[in-house]
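J.: In the numbering used here, the protein residues as written are 25 to 292.
1) Tell me whether the beta-carbon of residue 103 lies closer than 8 Å to the beta-carbon of residue 67.
2) Measuring only between beta-carbons, confirm whether residue 29 sits less than 8 Å from chain D.
3) Pick helix, strand or coil for residue 216, following the three-state DSSP scheme.
4) Please name the residue in 162, 168, 264 and 241 whose C-alpha comes closest to that of residue 276.
5) On the three-state DSSP scale, how would you describe residue 289?
6) Starting from the C-beta of residue 221, find all residues in its chain whose C-beta is less than 6 Å away, skip the five residues before and the five after it, and write them out in chain order.
7) Look up residue 278 in the DSSP assignment and say whether it is helix, strand or coil.
8) Assess contact between the stretch 259 to 272 and the stretch 231 to 251, defined as three or more Cβ pairs (one per stretch) separated by less than 8 Å. Is contact present?
9) What is the C-beta distance between residue 233 and residue 223, in whole angstroms, given that I count them as a contact (C-beta under 8 Å)?
10) Quick one: which unbroken beta strand (DSSP E) runs of 3-plus residues sit fully inside the stretch 216 to 245? Chain order, please.
11) Apply the 10 Å Cβ neighbour rule to residue 219 and answer buried if 16 or more other Cβ atoms are within range, or exposed otherwise.
12) What does residue 106 pair with, by DSSP beta-bridge criteria?
13) Any idea if residue 150 is buried or exposed, counting beta-carbon neighbours within 10 angstroms, 16 or more meaning buried?
14) Check whether the stretch 204 to 217 and the stretch 70 to 78 are in contact - that is, three or more C-beta pairs closer than 8 Å.
15) So, for residue 65: in the same chain, excluding its five sequence neighbours on each side, which residues have a beta-carbon less than 7 Å away from its beta-carbon?
16) Are there three or more Cβ pairs, one per stretch, closer than 8 Å when the stretch 43 to 59 is compared with the stretch 193 to 201?
17) Locate the beta strand (DSSP E) running through residue 203, then write down its first and last residues.
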């Protein structure tokens with residue numbers, strides 16, 4: 025199989041806990057692009073954060089952010105795809121989180137907002153090199169010009185299953201509920217995923233899905249691991265990601281993404 029489009033998750037796949045990308049991974053990505061492969065990033069991060077890594081890696085394609093809620097070209101600002109949650113539904117989510125006293129973060133194109141910060145939220149964002157704005161009323165952060173791409177709920181790992189059940193009962197028929205880390209749950213539109221965004225980008229670039237490859241490590245990567253012709257989960261991946269993948273690579277500590285690119289893209 026000739027890979028023409030390669031999609032890479034960031035955190036836990038190529039970006040370490042120290043927010044670094046190893047030199048072997050950087051070298052492998054550049055070698056793939058030198059061979060004419062189109063490389064994109066597919067992340068849950070906001071576009072403004074994702075594009076920093078895209079510039080660092082000289083990524084040669086539009087990038088996927090907000091779990092697939094946006095496909096945008098970081099090089100010229102061209103917006104190719106956007107999927108946001110309607111205002112009425114967004115307001116229901118905000119009111120529900122408020123009633124249940126759930127710390128929640130709202131991601132929009134204008135910023136990242138919360139009205140109930142928590143220590144875990146602060147730790148999570150600090151570790152990712154991100155910030156958020158504390159507001160008095162999240163409802164004021166939602167209007168036709170500023171609709172949410174996603175809602176993020178940080179909770180201790182011991183609470184995640186219960187929270188997932190709670191959110192599924194209330195919003196499961198309207199929103200996709202996905203664990204993105206052992207301490208994070210995110211909600212997006214049902215049709216929003218890294219997989220559907222990868223499919224869109226492949227069509228936009230006129231690249232058959234049969235010539236695509238994706239590398240990831242978490243539950244939010246499952247859709248693109250399944251949709252790509254070759255899905256690779258790295259060694260430290262969740263059980264859900266490993267089950268969806270065609271290949272299990274070494275862990276991020278062992279430069280698993282570089283190994284996969286070398287073996288399946290560069291033919292080393």
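Glycine included, each C-beta is placed from N, C-alpha and C at the ideal position.
These numbers come from a predicted model, not from an experiment.
T.: From the atom records:
1) No. Outside cutoff.
2) Structure shown: chain D not included; a single protein chain is present.
3) If DSSP states are grouped into helix, strand and coil, residue 216 belongs with coil.
4) The candidate whose alpha carbon is nearest that of residue 276 is 241.
5) Residue 289: coil per DSSP, three-state reduction.
6) The answer, listed in chain order, is 88, 92 and 95.
7) Three-state DSSP puts residue 278 in a helix.
8) Short answer: they touch.
9) Contact holds; Cβ gap of about 7 Å.
10) Fully enclosed beta strand (DSSP E) runs of 3 or longer: 236 to 240.
11) Classification for residue 219: buried.
12) The beta-bridge partner set that DSSP reports for residue 106 consists of 94.
13) Exposed: under 16 other Cβ atoms inside 10 Å.
14) Note that the stretch 204 to 217 does not touch the stretch 70 to 78; fewer than 3 beta-carbon pairs, one per stretch, sit closer than 8 Å.
15) Counting only Cβ-Cβ distances below 7 Å, and skipping sequence neighbours, we find 32, 34, 74, 77, 78, 83, 87 and 88.
16) Verdict: no, contact absent.
17) Looking at the DSSP string, the run of the beta strand (DSSP E) that includes residue 203 is 199 to 205.
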